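Encoded as structure tokens, the structure appears first; notes follow it.
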Amino acid sequence: MTAFARHEMVLDSGVLSWEIRSVNHRYLELSLRMDESFRPLEIAVRKVMSAEISRGKVEAILRFQPAHQGEQALEIDEKLASAVVNASRQLAAMTAASTPIDPLKLLQWPGILKQPDVDMAILHEQALQCLKQTLTDFIDTRRREGASLAVLLQQRCQDIGNIARDVRQLLPEILTRHHEKLLQRLQDLQVELDSERLAQEVALLAQKSDVAEELDRLESHISEVQNILSRQGPVGRRLDFLMQELNREANTLGSKSIDTATTRYAVDLKVLIEQMREQIQNIE
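Read in numbering that gives the first Met the number 0, the sequence shown has 65 at position 66, and its numbers run on one by one without any break.
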């Protein structure tokens with residue numbers, strides 16, 4: 000489900016912030032972006048997020064801006080800086096490039112500029128606390144969007160239920176109309192058919208076009224969709240399965256159709272089911 004949340008924690012050592020964003024995805028795919036000094040947290044972060052999110056392509060970004068230390072001079076890791084400069088010169092020689100090294104860009108290299116001493120164990124714990132608060136905001140955003148989607152899906156369920164009801168009411172009229180057409184055709188062809196044979200033909204037509212079971216299953220699946228939408232917790236995969244079942248019944252209804260009206264209803268059903276399926280991809 001598409002969502003975004005950001006939370007910031009101001010500390011004596013600096014400012015921690017998390018950003019979490021997600022887009023639709025069938026399964027859970029976590030992507031983490033954080034400074035190397037926070038890499039030991041990766042397993043814990045994935046565990047915390049997986050406990051709260053079960054679906055979506057999720058990107059989480061951790062940033063830390065150290066506090067300014069007044070007029071204290073900046074301290075450079077000269078050994079690392081020297082290694083980066085030497086590597087840059089070697090590459091320049093290999094490529095015959097003569098562009099001078101930009102000192103300001105060199106300062107942006109991770110680890111070149113030493114940070115003030117910070118208790119990383121405490122900072123890691125604070126980063127996890129900040130993550131949990133960000134997740135709370137993130138899930139609240141998803142929950143509000145999910146509630147809006149549930150309203151739309153409930154409306155589609157009502158529309159499908161109305162179609163099932165209309166088809167039930169229409170079937171006797173369709174059979175009567177086809178019976179009359181059959182009699183008219185026999186009269187036009189001047190063909191005599193005994194009443195028993197005619198009854199057999201009508202019964203066969205009724206059997207081939209009988210969709211009562213399909214309508215029963217359609218209504219049952221819709222009832223289950225409405226039941227699932229009222230539950231707490233992840234429901235997306237269950238709804239995915241029910242969309243497949245609904246589509247199967249709509250296909251059968253279309254294949255058994257002997258009238259343009261029922262064919263049109265079958266097409267309408269498939270359109271509604273496809274609309275629901277697309278929306279369900281947004282639901283965890």
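For every residue, glycine included, the Cβ atom is placed at its ideal position computed from N, Cα and C. In this text, all values refer to a predicted model and were calculated from it rather than measured experimentally.
Simplified DSSP assignment, three categories, for Q64 | The count along the sequence shown starts at 1 and reaches residue 64 at position 65. It is a strand residue.
Simplified DSSP state of S16, which is helix, strand or coil | Locating residue 16 in the sequence shown gives position 17, counting from the first residue. Strand at S16.
Top-ranked residue by Cα proximity to L151, from I282, L10, W17 and A82 = Numbered from 1 along the sequence shown, position 152 holds the residue referred to as residue 151. Minimum Cα distance to L151 is reached at I282.
Note down, in chain order, each residue of its chain lying with its Cβ closer than 7 Å to the Cβ of A66, except the 5 sequence neighbours on either side.
-> Working through the sequence shown from its first residue, we reach residue 66 at position 67. Within the same chain, A66 has close Cβ partners D11, S12 and G13.
Pick helix, strand or coil for L29, following the three-state DSSP scheme.
-> On the sequence shown, residue 29 is found 30 positions in, with the first residue counted as 1. Three-state result, L29: strand.
How many angstroms separate the CA atom of L241 from the CA atom of D215?
-> For the purposes of this step, residue 241 is taken as the residue at position 242 of the sequence shown. For the purposes of this step, residue 215 is taken as the residue at position 216 of the sequence shown. Each residue's alpha carbon lies about 14 Å from the other.
Specify the secondary structure class of E273 as computed by DSSP and reduced to three states.
-> Reading the sequence shown from its first residue, position 274 is the one you call residue 273. Note: E273 maps to helix in three-state DSSP.
Residue of Y264, L148, A211 and D165 minimising C-alpha distance to S229 = What you label residue 229 is simply residue 230 of the sequence shown in a count that begins at 1. The residue with the shortest Cα to Cα distance from S229 is L148.
Does the pairing of the region 154-168 with the region 218-226 give three or more beta-carbon distances under 8 Å?
-> yes
Look up H24 in the DSSP assignment and say whether it is helix, strand or coil.
-> In the sequence shown, counting from the first residue as 1, residue 24 sits at position 25. The answer is coil: DSSP assigns H24 none of H, G, I, E or B.
Helix, strand or coil for V210 per DSSP?
-> Position 211 of the sequence shown holds residue 210. The answer is coil: DSSP assigns V210 none of H, G, I, E or B.
Put E332 into one of helix, strand or coil per three-state DSSP.
-> Because the chain is modelled from 0 through 283, residue 332 falls outside the range shown and cannot be assessed.
In this structure, what does DSSP give as the bridge partners for I75?
-> Taking the first residue of the sequence shown as 1, we reach residue 75 at position 76. DSSP, once it has assigned bridges, lists L112 as partnering I75.
Tell me, which residues are paired with E7 by DSSP?
-> Residue 7 sits at position 8 when you count from the first residue of the sequence shown. In DSSP, E7 forms a bridge with S16.
Quick one: is G110 buried, meaning 16 or more other Cβ sit within 10 Å of its Cβ, or exposed?
-> Counted from its first residue, the sequence shown places residue 110 at position 111. G110 should be labelled exposed.
Residue interval of the alpha helix (DSSP H) (run including G232) | As a working note, residue 232 is residue 233 in the sequence shown. Premise fails: G232 is in no alpha helix (DSSP H) and is neither H nor E.
Is it buried or exposed for H24, if we count other Cβ within 10 angstroms and need 16 for buried?
-> What you label residue 24 is simply residue 25 of the sequence shown in a count that begins at 1. Under this definition H24 is an exposed residue.
By Cβ distance below 8 Å, which residues in the same chain neighbour E70 in space, the five residues on each side in sequence not counted?
-> Sequence index remark: in the sequence shown, residue 70 carries index 71 (1-based). Low confidence applies here, because E70 scores a pLDDT of 45, under 50, leaving its location unreliable; read the following figure in that light. There are no such residues.
Proximity to N161 [Cα-Cα], best of L130, T98 and D267 = In the sequence shown, the residue the question calls residue 161 occupies position 162. Checking every option, the nearest Cα to that of N161 belongs to D267.
CB P233 to CB S21, shorter than 8 Å?
-> For the purposes of this step, residue 233 is identified with residue 234 of the sequence shown, where counting begins at 1. For the purposes of this step, residue 21 is identified with residue 22 of the sequence shown, where counting begins at 1. Not a contact, by the Cβ cut-off of 8 Å.
How far does the alpha helix (DSSP H) with A50 in it reach, from first residue to last?
-> Here residue 50 refers to the residue found at position 51 of the sequence shown. E41 to E51 is the span of the alpha helix (DSSP H), which, as asked, contains A50.
Starting from P99 and walking both ways along the alpha helix (DSSP H), at which residues does that stretch end?
-> Numbered from its first residue, the sequence shown carries residue 99 at position 100. Counting along the chain, P99 falls outside any alpha helix (DSSP H), and DSSP gives it neither H nor E.
Buried or exposed by the 16-neighbour rule on C-beta atoms within 10 Å, applied to E212 = Within the sequence shown, numbered from 1, the residue matching residue 212 stands at position 213. By the 10 Å Cβ count, E212 comes out exposed.
Could you tell me which of L252, T261 and K131 sits nearest to V44, measuring between CA atoms?
-> Here residue 44 refers to the residue found at position 45 when the sequence shown is read from its first residue. Considering only alpha carbons, the answer is K131.
Are there 16 or more other CB atoms within 10 angstroms of the CB of T133, so buried, or fewer, so exposed?
-> Residue numbering aside, residue 133 sits at position 134 when the sequence shown is read from its first letter. T133 should be labelled buried.
Nearest residue (CA-CA) to T262, options L170, I100, S219 and S49 | The residue labelled residue 262 in the question sits at position 263 within the sequence shown. It is L170 whose Cα lies nearest to the Cα of T262.
Whole angstroms is fine: what's the gap from V9's alpha carbon to I121's?
-> Taking the first residue of the sequence shown as position 1, residue 9 is located at position 10. Taking the first residue of the sequence shown as position 1, residue 121 is located at position 122. For V9 and I121, the distance between alpha carbons rounds to 14 Å.
Rounded C-alpha distance that separates Q243 from T94 = Here the question's residue 243 lines up with position 244 in the sequence shown. Here the question's residue 94 lines up with position 95 in the sequence shown. Cα-Cα distance, rounded: 58 Å.
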